[in-house]
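Below is one structure, written out as structure tokens; comments come after it.
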Amino acid sequence: MTTLFHEGNRRLQDQFESRGIADRLESFARTEFSADDRAFIESMPYCFLATADAEGRPDCSFKGGLPGFVRVTGPSELAFPDYDGNGMFKSLGNVLVNPGVGLLFIAMHGRPRRLRVNGAATVSRDDPLLAETVGAQLIVRVAVRAIFPNCPRYVPSMELLEPSIYAPTPGVAPPEPAWKDFPAFKDVVHPRQPTFKG
Numbered sequence: 215m216t217t218l219f220h221e222g223n224r225r226l227q228d229q230f231e232s233r234g235i236a237d238r239l240e241s242f243a244r245t246e247f248s249a250d251d252r253a254f255i256e257s258m259p260y261c262f263l264a265t266a267d268a269e270g271r272p273d274c275s276f277k278g279g280l281p282g283f284v285r286v287t288g289p290s291e292l293a294f295p296d297y298d299g300n301g302m303f304k305s306l307g308n309v310l311v312n313p314g315v316g317l318l319f320i321a322m323h324g325r326p327r328r329l330r331v332n333g334a335a336t337v338s339r340d341d342p343l344l345a346e347t348v349g350a351q352l353i354v355r356v357a358v359r360a361i362f363p364n365c366p367r368y369v370p371s372m373e374l375l376e377p378s379i380y381a382p383t384p385g386v387a388p389p390e391p392a393w394k395d396f397p398a399f400k401d402v403v404h405p406r407q408p409t410f411k412g
């Protein structure tokens, strides 16, 4: 075991004679955010969150908001809000039984770029950030185990047009998604109390 690799990784690296480059790439991994990492993470309006349940069954979800919704809160820590969603709590329920997470920040607009952050997550309804985060119902904090850049060569060139109308915005009550009024869900959806701040 190394910071990034286990026996399964090593077996394939040896089959494809890539252990040398893998070790070189691992040398760029770090446990503290650089100023550039922070600027990139806090400029992103989305990221992808990978989790697994107690039995190791994986799940991956898209997390989005206005740029800065994910923030670096310490040399080796980041935090992000959980906003109103579909109520399944697939990702955060996994975190409660298995704190290991992986986040992928990927810019598909402008200069392509990817950054991975792996660590251990906690979920809180009492975090001090909750009071200052528009639209948050929970705060997730990640204690970082490894931060490493990733080759962006297969990232397509796309255009970022505008933020989602559902992204919590100071002083604006977000609209309810249409699916909450569908007959299949209407009887089980509870009205949401506005959580926006002026």
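Numbers 215 to 412, taken from this note's numbering, label the letters of the sequence shown in order. Cβ coordinates follow ideal geometry from the N, Cα and C atoms, glycine included. Keep in mind that this is a model prediction, so the values were computed, not measured.
Where residue i falls: helix, strand or coil (DSSP)
| i | result |
| --- | --- |
| R238 | helix |
| A357 | strand |
| F319 | strand |
| A392 | helix |
Alpha-carbon spacing of residue i relative to residue j, whole angstroms
| i | j | result |
| --- | --- | --- |
| I364 | Q229 | Sequence check: residue 364 is Asn here, not Ile. In a straight line, the C-alpha of N364 is about 21 Å away from that of Q229. |
| A334 | S305 | 13 Å |
| S248 | V403 | 42 Å |
| A479 | R271 | No statement about residue 479 is possible, as the shown extent of the chain runs from 215 to 412 and does not include it. |
| A357 | L292 | 7 Å |
Residue from the options whose Cα sits closest to the Cα of residue i
| i | options | result |
| --- | --- | --- |
| T383 | F219, G314, G282, L239 | G282 |
| C261 | V402, G316, F399, Q351 | G316 |
| P366 | K277, P272, F399, R330 | R330 |
| Y368 | R225, A321, T265, Q351 | A321 |
| V284 | P389, A387, W393, V348 | V348 |
| A381 | G234, H220, P295 | P295 |
| P377 | P388, R238, D395 | P388 |
Assigned exposure category for residue i - 16 Cβ within 10 Å defines buried
| i | result |
| --- | --- |
| K400 | exposed |
| N300 | exposed |
| M413 | Within the shown structure, residues of the chain are numbered from 215 to 412, placing residue 413 beyond reach of any answer. |
| G279 | buried |
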